[in-house]
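The structure appears right after this line, and notes come after that.
Below, the structure written as structure tokens:
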């Protein structure tokens, strides 16, 4: 009798993490395969309870333990918010990127007041230097207050000790909480984090069964966007907590054989006093299926990465290193 394998999907235990991992589970079970969630507790979760700022905990705080659990066989699949992963490739794993959700930031505020209309000196909760720098560029009078905790904990502080919080729209979307948002912020005002709104679904490089289970979940346009944006971060040699941002749009051709990818990257002074922003547009081949099965995918991936590297180099040539050094 053949035993049916149940794929264990490693995830953090938060509402957001289990919700987005649940979408991956549903994509696998829709293929008549068996999968279930496996909660992995990370040091980042413990630090979160202590309200330690992310920038002080370190890059990859929420992903390193998940990756270790995957490498050690505690789980078969790991689901990450792609923006939280270190940019250096890890040969132990292969990854797919399901369809990305809206990458913009949202503001949750008292009386649903938009960012540009908040009262003078209002307190805005965010611990991300990238957000702080751009908020202060738009509204130098605002007070940015470091804040930790899950999305509901952060939103619940609005109206108590904070006038507003800035969060990733993707988190509220996946958790069914978008009705709490006062506005989705124009990415020309606040550029999101590289790969925000995208998931990275990882399996061990030698686990062909798990790879087959997740491969059809990949969405090549979303994957290309994430690669391009993360290449900016990598070229700048900046961590996920640095005041560096990236955003992209993608437009498919009528026959889905190619896509036009426009990528924007920025580096910012933490006090909002200076910024550098550069953009590029490239055409990537997709082969018509929009999945990793496309024979054109390796070429598409390299074109996307090259676009990001080019933007990163332009930012360096324009003085991004000076801006980032001033923030240390």
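Numbering (full-length UniProt numbering), first residue to last: 1 to 328.
Glycine included, C-beta positions come from ideal geometry on N, C-alpha and C.
Source: prediction; values computed, not measured.
Neighbourhood of residue i by C-beta distance below 7 Å, restricted to the same chain and skipping five residues each side
{"i": "residue 314", "result": "278"}
{"i": "residue 187", "result": "104, 247"}
{"i": "residue 109", "result": "118, 158, 163, 164, 182"}
{"i": "residue 276", "result": "266, 267, 315, 318, 319, 320, 323"}
{"i": "residue 20", "result": "79, 174, 199"}
{"i": "residue 211", "result": "94, 203"}
{"i": "residue 228", "result": "248, 261, 263, 304, 305, 307, 308"}
{"i": "residue 76", "result": "7, 8, 203, 207, 210"}
Euclidean distance between Cα positions of residue i and residue j
{"i": "residue 122", "j": "residue 85", "result": "32 Å"}
{"i": "residue 270", "j": "residue 161", "result": "23 Å"}
{"i": "residue 66", "j": "residue 281", "result": "35 Å"}
{"i": "residue 203", "j": "residue 79", "result": "9 Å"}
{"i": "residue 180", "j": "residue 144", "result": "20 Å"}
{"i": "residue 233", "j": "residue 316", "result": "11 Å"}
{"i": "residue 297", "j": "residue 98", "result": "15 Å"}
{"i": "residue 263", "j": "residue 224", "result": "10 Å"}
{"i": "residue 10", "j": "residue 141", "result": "42 Å"}
{"i": "residue 33", "j": "residue 214", "result": "11 Å"}
{"i": "residue 311", "j": "residue 166", "result": "26 Å"}
{"i": "residue 197", "j": "residue 31", "result": "24 Å"}
{"i": "residue 273", "j": "residue 136", "result": "8 Å"}
{"i": "residue 126", "j": "residue 18", "result": "23 Å"}
{"i": "residue 220", "j": "residue 120", "result": "44 Å"}
{"i": "residue 124", "j": "residue 116", "result": "12 Å"}
{"i": "residue 50", "j": "residue 38", "result": "Residue confidence is low: residue 50 scores 43 on pLDDT, short of 50, so the model does not pin down where it sits. No coordinate-derived value is stated."}
{"i": "residue 299", "j": "residue 64", "result": "29 Å"}
{"i": "residue 74", "j": "residue 189", "result": "42 Å"}
Status (buried if at least 16 other CB within 10 Å, exposed otherwise) for residue i
{"i": "residue 92", "result": "exposed"}
{"i": "residue 251", "result": "exposed"}
{"i": "residue 169", "result": "buried"}
{"i": "residue 200", "result": "buried"}
{"i": "residue 4", "result": "exposed"}
{"i": "residue 254", "result": "exposed"}
{"i": "residue 193", "result": "buried"}
Host alpha helix (DSSP H) of residue i (start-end)
{"i": "residue 226", "result": "220-235"}
{"i": "residue 19", "result": "15-29"}
{"i": "residue 171", "result": "169-174"}
{"i": "residue 210", "result": "208-215"}
{"i": "residue 313", "result": "297-317"}
{"i": "residue 117", "result": "Per DSSP, residue 117 belongs to no alpha helix (DSSP H) and is neither H nor E."}
{"i": "residue 152", "result": "151-156"}
Rounded Cβ spacing between residue i and residue j (contact assumed at less than 8 Å)
{"i": "residue 81", "j": "residue 243", "result": "Contact flag wrong, Cβ pair sits at about 19 Å."}
{"i": "residue 195", "j": "residue 226", "result": "4 Å"}
{"i": "residue 16", "j": "residue 151", "result": "6 Å"}
{"i": "residue 217", "j": "residue 24", "result": "7 Å"}
Residue span of the beta strand (DSSP E) that contains residue i, given as start and end
{"i": "residue 284", "result": "275-285"}
{"i": "residue 35", "result": "34-39"}
{"i": "residue 204", "result": "199-204"}
{"i": "residue 6", "result": "6-11"}
{"i": "residue 257", "result": "First-last for residue 257: undefined, no H or E at that position."}
{"i": "residue 95", "result": "93-96"}
{"i": "residue 107", "result": "105-109"}
{"i": "residue 101", "result": "Neither: residue 101 is in no beta strand (DSSP E) and is coded neither H nor E."}
Cβ neighbours of residue i in the same chain (closer than 6 Å, five flanking residues each side left out)
{"i": "residue 52", "result": "Low confidence applies to residue 52: its pLDDT is 49, below 50, so where it sits in the model is not reliable, and the reading given next is rough at best. So the list is empty, once near-sequence residues are dropped."}
{"i": "residue 26", "result": "none"}
Residues of its chain near residue i, where Cβ-Cβ distance is below 8 Å and the 5 sequence neighbours each way are ignored
{"i": "residue 355", "result": "Any property of residue 355 remains undetermined from this structure, which presents the chain solely from 1 to 328."}
{"i": "residue 257", "result": "285, 286, 287, 288"}
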